[in-house]
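Notes follow the structure.
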Ligand SMILES: Cc1ncc(COP(=O)(O)O)c(C=O)c1O
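See the structure below:
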């Protein structure tokens, strides 16, 4: 199998579980630990692996308050740089978790997380709407997360098979 | 009248059947808690969602009645197209394919359609636990042939030749194999085909693990030149599509044999479950990527388990298919049963002793890697700890 295929295999494993130990990855992909480490370092260096994150279901954490909203933003593109400049002005805010350029009824989709609804309100009215090229915003609050990044929250993953079968 | 007036009302055939060793291990394991089971002969994935959804749709559309005895023609057409795509063999959906209640029923039907009392059927061991009993239940005599672990449990032509007698009617082949994971290559199958031809035998080719090969693509016995007329291909949806509980399989073969099987099926089962047949259509039409994904995961876990077992000093060859590894435990000096039972008692890991699958499985254990990596990892730690105590 080619190095590129091995890389893809490693990426898929890490995407499912970024804490998967290197020696396990090595065994599964039929590489040595050194080769695996080498490929992972290469992909980190090239920003193919852009980071390692943990998916948390915050609703299960007592005392944690948090609100997620998705904001549809219409903007006037800027000459020369299109949507990139205004997108950057938005994605630099730490409370902004994701920004996508969209086709269709609006231009940018902004995912934001904050402690309270009013914090989100403040972000939209003070920070977002006041950016010169922003024409309009529509804010949707997330009521419940069922699935995120391919992971189903609260899924029942019990093994329903009986202990020993032919 | 009390049944005690006769010694037994049971048929001699049934009385003489051995209770399955798998059953015994199930009884042992299910009485304990926190057991990690490597004893499961089925996928750990749930059926792909689109397939499940298709059965909902089938019910919503009101398909709650019997189908044609041989199965829905739409499904038989899909099976035909699938086999053509995969193996370049042609089967007429009208009269060369029957949809059954699992490959299990396909095996039973084939044997019942072929066997007269006293006919011999060759069973290659280690083998799936149902073959020999199914031959007996059909009135035949199972003739067991041991394979050699040194040859990765591959049946060699001379071994087949030696087992053939005047009464031999058929041989049951299984590649990829349960419990060994052994896959027979095109060349190996061709060599066996020569013997089959010479002695005018039929082959019941159980290819239920045909989608699950990890190093080379799968060869069907039916695609070996001259063999299609002699092959009853038995397969199903259980393993490839993670559909064990749906009870759906099929058989393809020469017209008159499929016709005979359909006759028995008609008087015994009527037809396979309708909603499952609709789900199977969806599985054949739209599940290629799910199958590939499951397959990739099995391959990774196979590699992991084989390397782990070798690191702890157990001899284990790399099986080419299915989802079992079959390591030797001879070094420990224990029998397969002792090993499996001690491992279960001491470390709460369930494996199946190899002798359950026939005499030549003695000294081996079957470990299924159709279990999450996390569970496999923990199981390997426990087996390692167990070996240290010996
Ligand atoms: C080799 C073999 N054949 C047939 C079967 C039965 O499959 P089905 O669920 O289609 O009846 C199994 C199940 O374990 C098997 O391992």
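Chains as they are written, first to last, in my numbering: chain F, 21 to 186; chain Y, 7 to 396.
Idealized CB from N, CA, C, for every residue including glycine.
Am I right that residue 174(Y) and residue 205(Y) are in contact with their C-beta atoms under 8 Å? What's the rounded C-beta distance?
By 1-based counting over the second chain, the position of residue 174(Y) is 168. By 1-based counting over the second chain, the position of residue 205(Y) is 199. Indeed they touch by this definition, with Cβ atoms about 7 Å apart.
Cut-off 7 Å between Cβ atoms - residues of its own chain near residue 7(Y), not counting five sequence neighbours on either side:
In the second chain, the residue the question calls residue 7(Y) occupies position 1. A caution first: residue 7(Y) carries a pLDDT of 48, below 50, which makes its placement in the model too unreliable to give a value.
For residue 134(F), which residues does DSSP report across the bridge?
Along the first chain, one-based indexing puts residue 134(F) at 114. Answer is 87(F), bridged to residue 134(F).
From this set, 181(Y), 61(Y), 207(Y), 120(Y), which residue's C-alpha is nearest residue 252(Y)'s C-alpha?
Against the second chain, residue 252(Y) aligns to sequence position 246. The option with the nearest alpha carbon to residue 252(Y) is 61(Y).
Where does residue 245(Y) land, buried or exposed, given buried means 16+ other C-beta within 10 angstroms?
Translated into positions along the second chain, residue 245(Y) becomes position 239. Answer is buried; the Cβ neighbour count reaches 16.
Test item, CB below 6 Å from any non-hydrogen atom of ligand 1
In chain order, the hits are 186(F), 47(Y), 108(Y), 109(Y), 110(Y), 134(Y), 180(Y), 184(Y), 212(Y), 214(Y), 242(Y), 244(Y), 250(Y), 255(Y).
Three or more C-beta pairs below 8 Å linking the stretch 113-123 of chain Y and the stretch 157-173 of chain Y
Contact fails: fewer than three Cβ-Cβ distances are below 8 Å.
Extract the residue ranges of the alpha helix (DSSP H) inside the stretch 104-189 of chain Y, only unbroken runs of 4 or more that lie entirely within it.
DSSP assignment within the stretch 104-189 of chain Y yields the following whole alpha helix (DSSP H) runs of 4 residues or more, N-terminal first: 108-120, 137-143, 163-169.
Can you list the residues of chain Y that residue 182(F) reaches, using a CB-CB cut of under 8 Å?
Within the first chain, numbered from 1, the residue matching residue 182(F) stands at position 162. Counting only Cβ-Cβ distances below 8 Å, residue 182(F) has contacts in chain Y at 32, 36, 46, in chain order.
Locate the alpha helix (DSSP H) running through residue 266(Y), then write down its first and last residues.
The residue given as residue 266(Y) occupies position 260 in the second chain. Counted as a single uninterrupted DSSP element, the alpha helix (DSSP H) harbouring residue 266(Y) occupies residues 261-274.
According to DSSP, is residue 149(F) part of a helix, a strand, or is it coil?
Stepping through the first chain from its first residue, residue 149(F) is reached at position 129. If DSSP states are grouped into helix, strand and coil, residue 149(F) belongs with coil.
For residue 161(F), the three-state DSSP class (helix, strand or coil):
Looking up residue 161(F) in the first chain gives position 141. Strand, per DSSP.
Under 9 Å by beta carbon: chain Y residues contacting residue 179(F)
Translated into the one-based positions of the first chain, residue 179(F) becomes position 159. Those within 9 Å of residue 179(F) in chain Y are 43, 46, 50, 377, 378, 381.
Under 9 Å from the C-beta of residue 310(Y): neighbouring residues of chain A
Looking at the structure shown, chain A is missing, and the protein chains on hand are F and Y.
Could you give the residue range of the beta strand (DSSP E) that holds residue 212(Y)?
As a position in the second chain, residue 212(Y) is number 206, starting the count at 1. Counting along the chain, the unbroken beta strand (DSSP E) around residue 212(Y) starts and ends at 208-212.
Listed from N- to C-terminal order along the chain, which residues in the stretch 103-137 of chain Y have their beta-carbon within a distance smaller than 8 Å of any beta-carbon of chain F?
Hits within the stretch, in order: 134, 135, 136.
Using the beta-carbon count (16 or more within 10 Å), is residue 86(F) buried or exposed?
Stepping through the first chain from its first residue, residue 86(F) is reached at position 66. Flag for residue 86(F) reads exposed.
For residue 175(Y), decide whether its Cβ has a neighbour in chain F, counting only Cβ atoms nearer than 7 Å.
Taking the second chain and counting its residues from 1, the one referred to as residue 175(Y) is at position 169. False, the Cβ-Cβ gap to chain F never drops below 7 Å.
Tell me where the alpha helix (DSSP H) around residue 199(Y) begins and ends.
To locate residue 199(Y), count along the second chain from 1; it is residue 193. Residues 192-204.
Buried or exposed: which applies to residue 22(Y), given that a residue is buried once 16 or more other Cβ atoms fall within 10 Å of its Cβ?
The residue given as residue 22(Y) occupies position 16 in the second chain. By the beta-carbon neighbour count (other beta carbons within 10 angstroms, threshold 16), residue 22(Y) is exposed.
Beta-carbon contacts of residue 190(Y) that lie in its chain and below 8 Å, excluding the five residues immediately before and after:
Locating residue 190(Y) in the second chain gives position 184, where the first residue counts as 1. The residues 160, 161, 179, 181, 198, 225, in chain order, have a CB closer than 8 Å to that of residue 190(Y) in the same chain once the five nearest residues on each side in sequence are set aside.
Can you check whether the C-beta of residue 97(F) is within less than 7 Å of a C-beta belonging to chain Y?
Reading the first chain from its first residue, position 77 is the one you call residue 97(F). Contacts with chain Y at 7 Å (Cβ-Cβ) do not include residue 97(F).
Quick one: which chain Y residues come within Cβ less than 7 Å of residue 150(F)?
One-based indexing of the first chain puts residue 150(F) at position 130. Neighbours of residue 150(F) across chain Y, judged by C-beta separation under 7 Å, do not exist; the nearest C-beta is about 44 Å away.
So, under 8 Å CB-CB, residue 48(Y) and residue 219(Y) are touching, yes? Tell me the CB distance rounded to an integer number of Å.
By 1-based counting over the second chain, the position of residue 48(Y) is 42. By 1-based counting over the second chain, the position of residue 219(Y) is 213. Not a contact, Cβ separation roughly 18 Å.
Coil, strand or helix - residue 27(Y) by DSSP
Your numbering for residue 27(Y) matches position 21 in the second chain. If DSSP states are grouped into helix, strand and coil, residue 27(Y) belongs with the helices.
How many angstroms separate the CA atom of residue 143(F) from the CA atom of residue 52(Y)?
Translated into positions along the first chain, residue 143(F) becomes position 123. Translated into positions along the second chain, residue 52(Y) becomes position 46. Their Cα atoms are separated by approximately 43 Å.
Residue 125(F) - containing beta strand (DSSP E), residue span:
Residue mapping note: residue 125(F) aligns to position 105 of the first chain, counting from 1. Premise fails: residue 125(F) is in no beta strand (DSSP E) and is neither H nor E.
Tell me where the alpha helix (DSSP H) around residue 56(F) begins and ends.
Residue numbering aside, residue 56(F) sits at position 36 when the first chain is read from its first letter. First-last of the alpha helix (DSSP H) with residue 56(F): 53-65.
Using Cβ-Cβ distances below 7 Å, what residues of the stretch 345-358 of chain Y are close to chain F?
Cβ contacts with chain F come from 356, 358.
Taking residue 127(F) as the reference, give the member of 141(F), 100(F), 157(F), 139(F) with the closest Cα.
To locate residue 127(F), count along the first chain from 1; it is residue 107. Looking at the Cα atoms, 157(F) is the closest of the given residues.
Using a Cβ-Cβ cut-off of less than 8 Å, list which residues of the stretch 311-328 of chain Y approach chain F; keep chain order.
Flagged, chain order: 313, 314.
Does the beta-carbon of residue 284(Y) have 16 or more other beta-carbons within 10 angstroms, so that it is buried, or is it exposed?
Along the second chain, read from residue 1 onward, the residue named residue 284(Y) stands at position 278. Buried, because 16 or more other Cβ atoms sit within 10 Å of the Cβ of residue 284(Y).
Once DSSP output is grouped into helix, strand and coil, what is the label at residue 140(F)?
In the first chain, counting from the first residue as 1, residue 140(F) sits at position 120. The answer is helix: DSSP assigns residue 140(F) an H, G or I state.
Please report the straight-line C-alpha distance between residue 373(Y) and residue 293(Y), rounded to a whole angstrom.
Taking the second chain and counting its residues from 1, one reaches residue 373(Y) at position 367. Taking the second chain and counting its residues from 1, one reaches residue 293(Y) at position 287. Just so you know, the alpha carbons of residue 373(Y) and residue 293(Y) end up roughly 27 Å apart.
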